[in-house]
Amino acid sequence: MISFGQINSHNGWWFTPRDTVHAFLVFAELTNDPEYNLPSTNWQPGQLPNNADKFFQTEINQQLSAIITQYFHEMSFGNFVLLGDYYPQIMQVDYNTVAQGYTGIDQIYTQLNNLSGNDVFTANGLSINNDFDEWSSAAQQYPTAQAPNGRIDLFITLWRVNSRYNGSQGFASGNVPCTIKSKTGIDRLIYLEDKNSDPLGEIKHE
Numbered sequence: 367m368i369s370f371g372q373i374n375s376h377n378g379w380w381f382t383p384r385d386t387v388h389a390f391l392v393f394a395e396l397t398n399d400p401e402y403n404l405p406s407t408n409w410q411p412g413q414l415p416n417n418a419d420k421f422f423q424t425e426i427n428q429q430l431s432a433i434i435t436q437y438f439h440e441m442s443f444g445n446f447v448l449l450g451d452y453y454p455q456i457m458q459v460d461y462n463t464v465a466q467g468y469t470g471i472d473q474i475y476t477q478l479n480n481l482s483g484n485d486v487f488t489a490n491g492l493s494i495n496n497d498f499d500e501w502s503s504a505a506q507q508y509p510t511a512q513a514p515n516g517r518i519d520l521f522i523t524l525w526r527v528n529s530r531y532n533g534s535q536g537f538a539s540g541n542v543p544c545t546i547k548s549k550t551g552i553d554r555l556i557y558l559e560d561k562n563s564d565p566l567g568e569i570k571h572e
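Under this note's numbering, the first residue of the sequence shown carries the number 367, and numbering increases by one thereafter.
The following block contains the structure:
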């Protein structure tokens, strides 16, 4: 007899609905993309977006100003804290190396892993080896253990342009195998395109 009595929405789906999760954010673009030079108010080709520091806060303080951190903090009445930080350079993948329908995310993993040194640091000095692995994922809706498991808890990629991917403007997946320095995978991956006028909306959905 199989029992599912331990499944409970109070445990969340992919993450605990309580406590703190840190997200690692990468801004990326496909060079040689047919849409590479399309104008954008907040994000110029080959650069980070103008609002790169407005997505996540690295810590909670009296002034909540980062849109994603602020949203989840307010909606959970401070019970769920989604912090994060971004890699301080835009990551570029050649359009011609990505097959139609694919995202180019594997090339991002490889580039990060091939950076010099044994670690990758964010704009505010957080370590990919030490600061983004605080939870051990469990089966969906089961309790999540607050202990590192050698995998990045949450990895988000926001593409300035990526017309290779022919799916929706956002998707999410779990349990992604990859090597980035000391990490052996990603527990939760979210992919977004800048064409989406509301990245927060996609993150809420995913």
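No residue lacks a Cβ here, since even glycine has one placed at the ideal position from N, Cα and C.
Please read these numbers as outputs of a predicted model, since none were measured by experiment.
List the residues that DSSP assigns as beta-bridge partners of residue i.
i: HIS388; result: LEU449
i: VAL459; result: LEU396
i: PHE487; result: SER493
i: ILE433; result: According to DSSP, which records beta bridges pairwise, ILE433 is partnered with nothing at all.
i: ASP546; result: In the sequence on display, residue 546 carries Ile and not Asp. Bridge partners of ILE546: LYS549.
DSSP on residue i, reduced to helix/strand/coil?
i: ASP553; result: strand
i: PHE438; result: helix
i: THR523; result: strand
i: ASN541; result: strand
i: ASN426; result: Note that residue 426 is Ile in the sequence shown, not Asn. Residue state, collapsed to three classes: coil.
May I have the straight-line CA-CA distance separating residue i from residue j, to the nearest angstrom?
i: GLY413; j: SER406; result: According to the sequence shown, residue 413 is Gln rather than Gly. GLN413 and SER406: Cα-Cα distance of roughly 12 Å.
i: MET441; j: THR424; result: 18 Å
i: TYR402; j: GLU559; result: 13 Å
i: TYR452; j: ASN462; result: 26 Å
Who are the near neighbours of residue i in its chain, counting only those whose CB is closer than 6 Å to its CB and skipping five residues on each side?
i: VAL459; result: LEU396, GLY470 and GLN473
i: PRO543; result: GLY551
i: GLN436; result: LEU430
i: PRO454; result: ALA489
Excluding the 5 residues preceding and the 5 following residue i in the sequence, name in chain order all residues of the same chain whose CB lies nearer than 7 Å to its CB.
i: LYS547; result: ASN479, ASN484, ASP485, VAL486, ILE494 and ASN495
Once you ignore the five residues that flank residue i on each side, which residues in its own chain have a CB closer than 8 Å to its CB?
i: ALA394; result: ILE456, MET457, GLN458, VAL459, GLY470, ILE474, THR523, LEU524, TRP525, ARG526 and ASN528
i: ILE335; result: A query on residue 335 cannot be resolved here, the shown segment of the chain reaching from 367 to 572 and no further.
Assuming residue i contacts residue j under a Cβ cut-off of 8 Å, what Cβ separation, rounded to an integer in Å, is found between them?
i: PHE421; j: ALA432; result: 6 Å
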